[in-house]
Amino acid sequence: MWGIVPAAGNGTRIQPLAFSKELLPVGSRLDGETERPRAVSEYLLERMVLGGADKLCLVISPGKSDILEYYGGSYGTAAIAYVVQPRPGGLCDALFRALPLVGPDEPVIVGLPDTVWFPEHALRALPEDELSFLLFPVDRPELFDAVVLSPEGVVQEIQVKRPDPASRWIWGAFRMPGRVFRELHQLWRERDRRDEYVGTLVNAWIARGGRAVGVKAGEAYVDVGTVHGYRAAIGLLAGQVGGRDPGLPPVERTEAE
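Residue numbers (UniProt numbering): 1 to 257.
Now the structure itself:
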């Protein structure tokens, strides 16, 4: 199974940094008996491996060689390949850069490398045979991509940063068979590559008869792309999920109720 990690963004919300935002130290890990800082993107890679990925594709921009130097050729039991997005083109463009590596029968997991979420094994809850989204409850879904479900859990619409979303559940990662990945790419090309966000592309795919499901297996989700989010992630990792820094906006820290 492939895990595709779009890591080509500039991270303007948290700049200036002297390194790629995906390498921002958040929390720590043990290296033998030594505690070392942990890059924020390691949380996603760890969760992808726990979810069954044995190959990881990191999509980077030409100036992000520090990511290659940090991870090298593997993470845990998974091998790593690198693909370059030559210039900013949106999330869809970044993801489809990995298409030549993915066989039609290979499943794919996609996640965002500047997020921290729980539970760690949540990707295992996603079905293998169809497009499925891992959903998290948030306080301000208008700042994310809210997912509207039918009573049976079928995705009816993804509302991309809509000011009045009809759901408080947002997607934090998703999984699909390789054939669906290719179908989405073909549709993206037919739509003149104008879809920057996954949500608008999936909406068009559903309108053509495609099917996706949402799984409410997420409990806590933090976007570490801002200074407030960084502080919230530190609190979450310290086990302070029940508390909330009064200086933080609610979007940066969300918990299941």
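Glycine residues also receive a C-beta, built at the ideal position from the N, C-alpha and C atoms.
Because the structure is a prediction, the values reported are computed rather than measured.
Assigned exposure category for residue i - 16 Cβ within 10 Å defines buried
i	result
residue 263	For residue 263 there is no data in the structure shown, the boundaries of the chain being 1 and 257.
R253	Caution applies to R253, whose pLDDT of 34 falls short of 50 and renders its modelled position unreliable; the model cannot decide the point.
W2	buried
A7	buried
V116	buried
K161	exposed
E22	buried
V49	buried
R47	buried
V251	Note that V251 has pLDDT 32, beneath the 50 cutoff, so the model's placement of it is unreliable and no number is given.
S20	buried
E69	exposed
P246	Any reading at P246 needs caution, since the residue's pLDDT is 31, under 50, leaving its predicted position unreliable; the model's value is listed next. Exposed.
G199	buried
G51	buried
D192	exposed
L30	exposed
L149	buried
P107	buried
G63	exposed
D114	buried
residue 271	Only positions 1 to 257 of the chain appear in this structure, which leaves residue 271 out of reach.
G218	buried
G239	exposed
G76	exposed
G9	buried
G72	exposed
C-beta contact flag for residue i and residue j at 8 Å
i	j	result
D223	C92	no
A53	I109	yes
F136	G214	no
P165	Q159	yes
L131	A207	no
A81	L101	yes
L126	F181	no
Y230	V26	yes
R168	P141	yes
L237	W205	no
Bounding residues of the alpha helix (DSSP H) (the contiguous stretch that carries residue i)
i	result
R179	G178 to E190
A204	V198 to A207
G214	Taken as a continuous stretch (DSSP letters only), G214 belongs to no alpha helix (DSSP H), being part of the beta strand (DSSP E) at A212 to V215.
L95	G90 to F96
D66	S65 to Y71
Y237	One point to set straight first is that residue 237 is Leu, not Tyr, in the sequence displayed. Taken as a continuous stretch (DSSP letters only), the alpha helix (DSSP H) holding L237 covers V227 to L237.
Where the beta strand (DSSP E) containing residue i begins and where it ends
i	result
D223	A220 to D223
R36	T34 to A39
L106	Residue 106 is actually Glu in this sequence, not Leu. From DSSP, E106 is part of no beta strand (DSSP E); its letter is neither H nor E.
A79	A78 to V84
E157	V155 to V160
G27	P25 to D31
V5	W2 to P6
L134	L131 to P137
residue 321	The question about residue 321 has no answer, for the chain in this structure spans 1 to 257.
D145	D145 to L149
F118	T115 to F118
CB-CB length for residue i against residue j, believed under 8 Å
i	j	result
R97	V59	5 Å
G209	P104	Contact flag wrong, Cβ pair sits at about 19 Å.
C57	V5	7 Å
L44	G90	That pair is no contact at about 19 Å.
Any chain C beta carbon closer than 8 Å to residue i
i	result
E142	Included in the structure is just one protein chain, with no chain C present.
If we count Cβ pairs, one from each stretch, closer than 8 Å, do we get three or more for the region 161 to 173 versus the region 108 to 123?
-> yes
The region 27 to 41 contacting the region 143 to 157, beta-carbon criterion three pairs below 8 Å = no
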